[in-house]
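> Sending over a structure as structure tokens; questions will come in a sec.
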Amino acid sequence: CLQAMLRRWQEGGRHARTASAPARGYTAAELARAIAEGQLLNHYQPKVDLRSGAFAGVEALVRWQHPEDGLVFPDAFIPGMEASGLIDELTRGVLLRAAADLRALRAEGLRIRLAINVSMDSLDRLGFPELVCAMLDETGLAPAELILEVTESRLGSNPLTALDILARLRLRQIGVSIDDFGTGHSSLRQLRDLPFDELKIDRGFVTGARKLPTRRAIFCGCLDMARELNIRSVAEGVEDRDDWDFVRSSGCDQAQGYFISRPIPAAELPAWHARWQQRCGELIG
Ligand code: C2E
Ligand code: MG
Ligand code: MG
Ligand code: MG
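Under my numbering, the residues of the sequence shown are numbered 1150 to 1434, in order.
Here it is as structure tokens:
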């Protein structure tokens, strides 16, 4: 029965994902230049606590300010970065920029956790935890302030390596989150054995769930699982008031999505936060 349910989640996930084709392919040389010439930048999307409405943290999402193509989104260049062996250098840049931005926010009185996305390619290498710690040393960010998001659909190619790496990250107090949950193929056993502390339910099961019974059922199944595993649940893709009311009443822990905020530059976070606190009264009530 659970296996059948998992299969349904996977199918739902596949249908719900929209393939965003890159405008064009980028060469390894162009990608290397993007990093070397500082054309990559971070936007940040807030996560909020669904019970209190509190600002819980931000997810850093990388963008490329391309000299001719304008602002390029990650789906168009992350696969190329992975294929060209540039992904660790990209991750390092994301983390260094984020740490500087968080320091500035702290000076304004905002203290929040940071989530960054890590590629499965990185998790396949045994030295990854040491690499993250070396990066953290460069930034002055505490390990407990960092959450690494790993996309579920790419998990499981090498479960033993992943287990070892995740365990070593957790030992150092670094948070680990399963991103786009429901789109992958992790077995219940794997979930039981891998030391995750957050489950981010894919937006394919969140957006519109109030009115769509299948999405709703899958979303609630994911939530039950997070509860059983005793880990935090986060709903992605909360796009409107209906989604918000639904995820709030479901008992999910945190939410993220355009209804709360689009990904924005760090400098806009304090003003967003002030507006959010105003909105909260009505939304949490
Ligand atoms: P993700 O980690 O699942 O990030 C969420 C994506 O959904 C973001 O797209 C975000 O802008 C979008 N999103 C957020 N809220 C909503 C909503 O309410 N509705 C809809 N329709 N979409 C929403 P983005 O920024 O284009 O990033 C796409 C993916 O690229 C990310 O998916 C992540 O897997 C990857 N990525 C982003 N930054 C990095 C990075 O620094 N390193 C690596 N390895 N991957 C990254
Ligand atoms: Mg993510
Ligand atoms: Mg996601
Ligand atoms: Mg997703």
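Think of the CB as a built atom: it goes at the ideal place given N, C-alpha and C, for glycine as much as any other residue.
Relative to ligand 2, is the shortest distance from any of its heavy atoms to the C-beta of N1266 smaller than 6 Å?
Yes, Cβ of N1266 sits closer than 6 Å to a heavy atom of ligand 2.
> State the beta-bridge partners of W1213 as determined by DSSP.
L1189 and V1221
> CB-CB under 7 Å to P1292, same chain, minus the five flanking residues each way: which ones, in chain order?
Setting aside the 5 residues that flank it on each side, P1292 is surrounded in the same chain by L1285, R1321, Q1322 and I1323, each with a C-beta closer than 7 Å to its C-beta; the list follows chain order.
> Classify A1177: buried if its beta carbon has 16 or more other beta carbons within 10 angstroms, exposed otherwise.
Exposed, since its Cβ has fewer than 16 Cβ neighbours within 10 Å.
> Using beta-carbon positions only, say whether F1277 and I1314 come within less than 7 Å of one another.
Yes, the Cβ-Cβ distance between F1277 and I1314 is below 7 Å.
> Would you check if the region 1266-1273 and the region 1227-1241 touch, i.e. whether three or more CB-CB distances between them fall below 8 Å?
yes
> Tell me whether T1300 sits in a helix, a strand or coil according to DSSP, three-state version.
strand
> Would you call the region 1408-1415 in contact with the region 1189-1202, where contact means no fewer than 3 C-beta pairs closer than 8 Å?
yes
> The alpha helix (DSSP H) spanning I1367 covers which residue range?
P1362 to L1378
> State the DSSP-derived secondary structure class of P1171, mapped to helix, strand or coil.
At P1171 the pLDDT is 46, less than 50, meaning the model places this residue with poor confidence; the figure from the coordinates comes in the next sentence. P1171 falls in the coil class under three-state DSSP.
> Ignoring anything shorter than 4 residues, give me the alpha helix (DSSP H) runs that lie fully in the region 1255-1285, in order along the chain.
1269-1272
> Tell me the rounded alpha-carbon separation between E1377 and L1348.
12 Å
> Compare the C-alpha of L1111 against each of T1332, V1207 and I1227 and name the closest.
Nothing can be reported for residue 1111, as the shown portion of the chain is limited to 1150 through 1434.
> Going by DSSP, name the residue or residues bridged to A1384.
I1350 and A1404
> I need the straight-line Cα distance from A1249 to E1417, nearest angstrom please.
15 Å
> In or out: S1398 buried (at least 16 other Cβ within 10 Å) or exposed?
So S1398 counts as exposed.
> Per DSSP, which residues does L1295 bridge with? Please list them.
L1263
> What distance in whole Å lies between the Cβ atoms of L1251 and L1290, which are believed to be in contact at a cut-off of 8 Å?
7 Å
> Please return the same chain residues whose Cβ sits closer than 8 Å to the Cβ of A1181, not counting the five positions on each side in sequence.
The answer, listed in chain order, is S1233 and L1235.
> Would you report the Cα separation of L1318 and V1325, rounded to the nearest angstrom?
Whole-angstrom Cα-Cα distance: 8 Å.
> Which residue wins for smallest C-alpha separation from P1228, given the options R1365, G1174, V1355 and L1309?
G1174
> In whole angstroms, what is the alpha-carbon distance linking Q1426 and Q1405?
Note on geometry: alpha-carbon atoms of Q1426 and Q1405 lie some 15 Å from one another.
> Grab me the residues of C1282's own chain with a C-beta within less than 7 Å of its C-beta, minus the 5 sequence neighbours each way, in chain order.
R1321
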